[in-house]
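**Student:**
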Amino acid sequence: MGARAIWKAHVCFGAVDVPVKLYSAVQDRAVHFRLLDAKRHEPVKQHMINPETGKVVDSDQIRRAFPTEEGNLVMLEPEELEELKPTPSREIQVTRFVPPERITHQWYDRPYYLGPDQEDEPYFALAAALRKRGLEGVAQWTMRNKEYVGALRAEGDYLMLITLRRAGEVVPASALPAPTGRELDERELAMARQLVSAMEDRFDIAAYRDEYRDRVVELMEAKAAGKVVKFPPAPRKTGETSLADVLERSLAATGKEKKRA
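Position one of the sequence shown corresponds to residue 1062 (this note's numbering), numbered consecutively onward.
(1) State the start and end residues of the unbroken alpha helix (DSSP H) segment that holds L1187.
(2) Could you round the C-beta distance between F1127 and V1135 to whole angstroms and report it? I think they count as a contact, below 8 Å.
(3) When you compare only the Cα positions, how much space is there between L1256 and E1143?
(4) Three or more beta-carbon pairs under 8 Å between the segment 1229 to 1240 and the segment 1177 to 1187, yes or no?
(5) Between the segment 1147 to 1160 and the segment 1194 to 1209, do three or more beta carbon pairs fall short of 8 Å?
(6) Taking L1187 as the reference, which of K1069, R1124, G1075 and L1304 has the closest Cα?
(7) Might you give, ordered along the chain, the residues of its own chain that have their beta carbon closer than 6 Å to the beta carbon of Y1169, omitting 5 neighbours on each side?
(8) Under a three-way DSSP split, which group does M1281 fall into?
(9) Skipping 5 residues on each side, what residues in its chain have a beta carbon closer than 7 Å to that of T1129?
(10) Of the residues V1307, R1171, Q1088 and E1162, which one's Cα is nearest the Cα of E1249?
(11) Looking only at C-alpha atoms, which of L1312, E1282, R1276 and A1283 sits nearest to R1295?
(12) From M1062 to E1113, what does the alpha carbon distance come to, in whole angstroms?
(13) Go through its chain and collect everything with a Cβ distance to P1161's Cβ below 6 Å, but skip five positions before and after it.
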């Protein structure tokens, strides 16, 4: 594995102890800018300013506070927060194994790969067991002063650990407004089903580019080379039409795409 490990730990369940290395499964592809003084073209810095005095507050004088229902601010000292930090640990404690459909998509947060550390046999045995049984482990661990809960799953011959959002962070679908408006007629439903079937295809994430990022990078490279680049305007949307008309046009367009492919 060519990636660089960012943490070492042990996957623990029952009497089993599997040494692992943790690798990030995602990379930052965002364009990062420097902030400049528009007139002098020099980098600028950000400071914490007291709006009452207009003076800069040094970092060692910054405190955290929380508002009460009465509108007051209660300040917490760094020492108080330091005492509350979780106990450091290198254990990824698996508490149970569940079918993957029990963990729906909205709970997944950030993925990591787990690679073997020192001993390969127990690592690949665990990956094979999860893959053959079709189960995911629910795990808890502490990393860099933060407590996590996550899903441990097999990814081919390897292990993947995906952090999960906490209860209360995910908004249930039942919180959405109830559907309003007329019921769809059978013709509209039939066309919708037909359109879904016509658009069924394999999943290829590489086909979906971040077009804004691509244009920003192209603009940056052109300006750095002293060139001028112009981009075509975004296509304008057509006016409002009936659902049936939209479905018919979509089916026709999908048919043309299929023929060209």
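For each residue, glycine too, the CB sits at the ideal point set by N, CA and C.
**Tutor:** A quick look at the data gives this:
(1) Unbroken alpha helix (DSSP H) run through L1187: E1182 to R1194.
(2) That pair is a contact at about 6 Å.
(3) 57 Å
(4) no
(5) yes
(6) G1075
(7) Its chain contains I1223 as the residues whose beta carbon lies nearer than 6 Å to that of Y1169, once the 5 sequence neighbours on both sides are disregarded; these appear in chain order.
(8) helix
(9) V1135
(10) Nearest C-alpha to E1249: V1307.
(11) It should be pointed out that residue 1295 corresponds to Ala in this sequence rather than to Arg. Per the Cα distances, R1276.
(12) Confidence at M1062 is low in this model, with a pLDDT of 48, below 50, so the placement of that residue is unreliable and no value is reported for it.
(13) E1197
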